[in-house]
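Colleague: Residue numbers (the working numbering): 11 to 101. Backbone N, C-alpha and C fix where the C-beta goes; we use that ideal spot for every residue, glycine too. If you scroll down you'll find the structure; I have some questions about it.
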Amino acid sequence: LAPVPEPTVTVLNAGPFQFTYQGKVWCVPESFQFPAKINRLDGWRRWLQGAIHFDGTKQWWIKPYRTFRSADLHSEKLRNQFKNEWKPIFT
11 LAPVPEPTVT VLNAGPFQFT YQGKVWCVPE SFQFPAKINR LDGWRRWLQG
61 AIHFDGTKQW WIKPYRTFRS ADLHSEKLRN QFKNEWKPIF T
């Protein structure tokens, strides 16, 4: 039997004004959430390198979390998570 070829997956780079919702432009999709449980090594990877975010059928490369500003995040919950759970650990 011949091997089944794997589908080609394209990861799209999310630009600074890639997503439009809530009447504004954002650098993360509306479905973006910080991971609920993550180990420190994976946290450092996201902090320094960014991460792939799955949004429906598309995959987006999200910029390194260390470059986020509060204004980049679309909800108070995300802003608080970034301020209280990510920045104190990784800065």
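Using a Cβ-Cβ distance cut-off of 8 Å, determine whether F27 contacts chain D.
Modeller: As a matter of chain content, chain D is missing from the structure shown, which is built from one protein chain.
Colleague: What residue range is occupied by the uninterrupted beta strand (DSSP E) comprising L22?
Modeller: Position 12 of the sequence shown holds residue 22. First-last of the beta strand (DSSP E) with L22: V21 to N23.
Colleague: Skipping 5 residues on each side, what residues in its chain have a beta carbon closer than 6 Å to that of F44?
Modeller: Counting from one through the sequence shown, the residue named residue 44 turns up at place 34. Counting only Cβ-Cβ distances below 6 Å, and skipping sequence neighbours, we find Q91.
Colleague: Provide the residue span of the beta strand (DSSP E) that contains D65, from first to last.
Modeller: Against the sequence shown, residue 65 aligns to sequence position 55. Looking at the DSSP string, the run of the beta strand (DSSP E) that includes D65 is A61 to D65.
Colleague: Taking the alpha carbon of V21 as the reference point, which residue from P39, F29, K68 and L58 has its own alpha carbon closest?
Modeller: In the sequence shown, counting from the first residue as 1, residue 21 sits at position 11. Ranking P39, F29, K68 and L58 by Cα distance to V21 puts K68 first.
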